[in-house]
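**Student:** From first to last, the protein sequence lines are chains A and B. With the numbering used here applied, the first sequence covers 615 to 813. With the numbering used here applied, the second sequence covers 615 to 813. Yeah, the Cβ is synthetic: ideal placement off N, Cα and C, and Gly gets one too. Everything numeric in this text was worked out from a predicted model, so none of it was measured.
There are 2 protein chains.
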Amino acid sequence: MASSPLISRLVEALRCLPGVGPKSAQRMAFHLLERNREAALDLARVIEEAVTAVGRCESCRTLSEHALCPICASPRRDSRMLCVVETPADMAAIDASTGYRGMFFVLMGHLSPLDGIGPAELGLDQFEQRLAGGGITEVILATSSTVEGEATAHYLAEMVRERSIRATRIAQGIPMGGELEYVDGGTLARAITARQDAL
Amino acid sequence: MASSPLISRLVEALRCLPGVGPKSAQRMAFHLLERNREAALDLARVIEEAVTAVGRCESCRTLSEHALCPICASPRRDSRMLCVVETPADMAAIDASTGYRGMFFVLMGHLSPLDGIGPAELGLDQFEQRLAGGGITEVILATSSTVEGEATAHYLAEMVRERSIRATRIAQGIPMGGELEYVDGGTLARAITARQDAL
């Protein structure tokens, strides 16, 4: 073994990051130690601080260091719209790339009975309270287009409609720039079924 | 902005890692906070420990938390062979993939006068002492095949030969599995010039 034990431990520890294999972990370790010790120390401190301080937003359940996340705390958001997503990353993506300016609700997963993830684990009692609180006119179901995501959306749609609130699902079809030849059959079938009048 | 300030700081701090852009940094931050807080704390601790404890091996200059790195401390290595490399990663790669069982010397860079990196910065006085210490019969120059790497190898070869020690350079040619059609002209020219009797 060419590296000292502590460097090997650093390489091993870096592999807890998603998408980091042994090669990249080694590259990261050497990079931090050879060139970037200040940044490395800063990274270590921020990780500790974040792990200690970051909890859940009381209102939307996303990751947040305050009781309310910046979106739930903002007075400028449209509180009549509620968008349900699976993860904080989905929430960040929708907020960054779309014109949506309503509120969010983060499930932190999807219904998956086999893994023991039911309505309670996704905070659906809290979701029910949000609906019961009144004022919401539309719930956008923005769960993934996977089997579990669809099942979760169906379940949520039932809950929403029982309160006579409009439930919508994000559109499915061919992605932008997608060449039909390379789009999978299921997506293509869905795109044909859900066709709309041409502009 | 969808994320709380502390999460944004974590994302920013993760970007000090090589090859990590804004997207991957965000993915890493959410992954650590949603699923892997134990591992995240462990990572923070190991980074701090490594940054504090890891210095240089007194003998070969590689990164090491002890005065001598595991290779220099090993009694089983052949001390008559010395392999000069640019980085600890190069040393690790040669040790892991080849049958080489001699000693190493790590330059931590290459000669680059424009950047103010001369013989002193690469520890060549220490290298001179290693040569003067006697017992070395061959020095393998395993610097990169770049302009700076070649210049460094030339410089080192002079030093080595002045002491009547054999200086060798790692072979250059087409990489294994390389199709000639896709190999660059310079490499191909070198491979033809350095041709050897077929086995």
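Following the continuous beta strand (DSSP E) through D692/B, name the residue where it begins and the one where it ends.
**Tutor:** In the second sequence, the residue the question calls residue 692/B occupies position 78. Taken as a continuous stretch (DSSP letters only), the beta strand (DSSP E) holding D692/B covers 692–699.
**Student:** Taking 8 angstroms as the threshold (beta carbon to beta carbon), is P689/A in contact with chain B?
**Tutor:** If you number the first sequence from 1, residue 689/A lands on position 75. False, the Cβ-Cβ gap to chain B never drops below 8 angstroms.
**Student:** Quick check: the Cα distance between A812/A and A805/A, rounded to an integer number of angstroms?
**Tutor:** The residue labelled residue 812/A in the question sits at position 198 within the first sequence. The residue labelled residue 805/A in the question sits at position 191 within the first sequence. Straight-line Cα distance between these residues: approximately 13 angstroms.
**Student:** Look at the Cβ atom of L738/B, then the Cβ atom of E679/A, and state whether they are nearer than 8 angstroms.
**Tutor:** By one-based count along the second sequence, residue 738/B stands at place 124. By one-based count along the first sequence, residue 679/A stands at place 65. Not closer than 8 angstroms, so no.
**Student:** Which residues in chain A sit within 7 angstroms of P823/B, going by Cβ to Cβ distance?
**Tutor:** Beyond the ends of chain B as shown, which are 615 and 813, falls residue 823/B; an answer cannot be given.
**Student:** Out of V753/B, S618/B, V797/B, which has the shortest C-alpha to C-alpha gap to S693/B?
**Tutor:** Taking the second sequence and counting its residues from 1, the one referred to as residue 693/B is at position 79. Looking at the Cα atoms, V753/B is the closest of the given residues.
**Student:** Which value, in whole angstroms, describes the spacing of the CA atoms of L624/B and L794/B?
**Tutor:** For the purposes of this step, residue 624/B is identified with residue 10 of the second sequence, where counting begins at 1. For the purposes of this step, residue 794/B is identified with residue 180 of the second sequence, where counting begins at 1. About 46 angstroms.
**Student:** Just to confirm my understanding: we take T782/B, look at its own chain, exclude 5 residues before and 5 after, and list those with CB closer than 8 angstroms. What are they?
**Tutor:** Position 168 of the second sequence, counting from 1, holds the residue named residue 782/B. Only E752, V753, I754, L755 meet the Cβ criterion.
**Student:** I750/A CB to nearest chain B CB: under 8 angstroms?
**Tutor:** As a position in the first sequence, residue 750/A is number 136, starting the count at 1. It does not: the Cβ of I750/A has no partner Cβ on chain B nearer than 8 angstroms.
**Student:** Who pairs with A781/A in a beta bridge, going by DSSP?
**Tutor:** Mapped onto the first sequence, residue 781/A falls at position 167. According to DSSP, which records beta bridges pairwise, A781/A is partnered with V753/A.
**Student:** Out of curiosity, what's the CA-to-CA distance linking E652/B and L677/B?
**Tutor:** The residue you call residue 652/B lines up with position 38 of the second sequence. The residue you call residue 677/B lines up with position 63 of the second sequence. Approximately 27 angstroms, taken between the alpha carbons.
**Student:** So, with DSSP's three-state summary, where would you put L657/B?
**Tutor:** Position 43 of the second sequence, counted from the first residue, corresponds to residue 657/B. If DSSP states are grouped into helix, strand and coil, L657/B belongs with the helices.
**Student:** To the nearest angstrom, how far is the alpha carbon of I788/A from that of T760/A?
**Tutor:** Residue 788/A sits at position 174 when you count from the first residue of the first sequence. Residue 760/A sits at position 146 when you count from the first residue of the first sequence. Rounded to whole angstroms, I788/A to T760/A spans 15 angstroms at the Cα level.
**Student:** So, L631/A versus M773/B, is the Cβ gap smaller than 8 angstroms?
**Tutor:** Within the first sequence, numbered from 1, the residue matching residue 631/A stands at position 17. Within the second sequence, numbered from 1, the residue matching residue 773/B stands at position 159. Cβ distance not < 8 angstroms, so L631/A and M773/B don't count as in contact.
**Student:** I'd like the list of long-range same chain contacts for V668/B, defined as Cβ closer than 6 angstroms, with 5 residues on each side in sequence excluded.
**Tutor:** As a working note, residue 668/B is residue 54 in the second sequence. So the list reads L677, E679, once near-sequence residues are dropped.
**Student:** Applying the criterion that 16 or more other CB atoms from any shown protein chain within 10 Å of the CB defines a buried residue, is M717/B buried or exposed?
**Tutor:** As a position in the second sequence, residue 717/B is number 103, starting the count at 1. Buried is the call here.
**Student:** Comparing the C-beta of D692/B with each C-beta of chain A, is any distance below 8 angstroms?
**Tutor:** What you label residue 692/B is simply residue 78 of the second sequence in a count that begins at 1. Chain A contact via Cβ: absent.
**Student:** So, under 8 angstroms CB-CB, L655/B and V665/A are touching, yes? Tell me the CB distance rounded to an integer number of Å.
**Tutor:** The sequence position of residue 655/B within the second sequence is 41, counting from 1. The sequence position of residue 665/A within the first sequence is 51, counting from 1. That pair is a contact at about 5 angstroms.
**Student:** Verify the CB distance criterion: does M773/A have a CB-CB separation below 8 angstroms to chain B?
**Tutor:** Counted from its first residue, the first sequence places residue 773/A at position 159. Not closer than 8 angstroms to any Cβ of chain B, the Cβ of M773/A fails to qualify, so no.
**Student:** Determine whether the Cβ of E700/A lies closer than 8 angstroms to any Cβ atom of chain B.
**Tutor:** Residue mapping note: residue 700/A aligns to position 86 of the first sequence, counting from 1. So, not an interface residue.
**Student:** Is there a C-beta anywhere in chain A that falls below 8 angstroms from the one on P636/B?
**Tutor:** In the second sequence, the residue the question calls residue 636/B occupies position 22. It does not; no Cβ of chain A falls within 8 angstroms.
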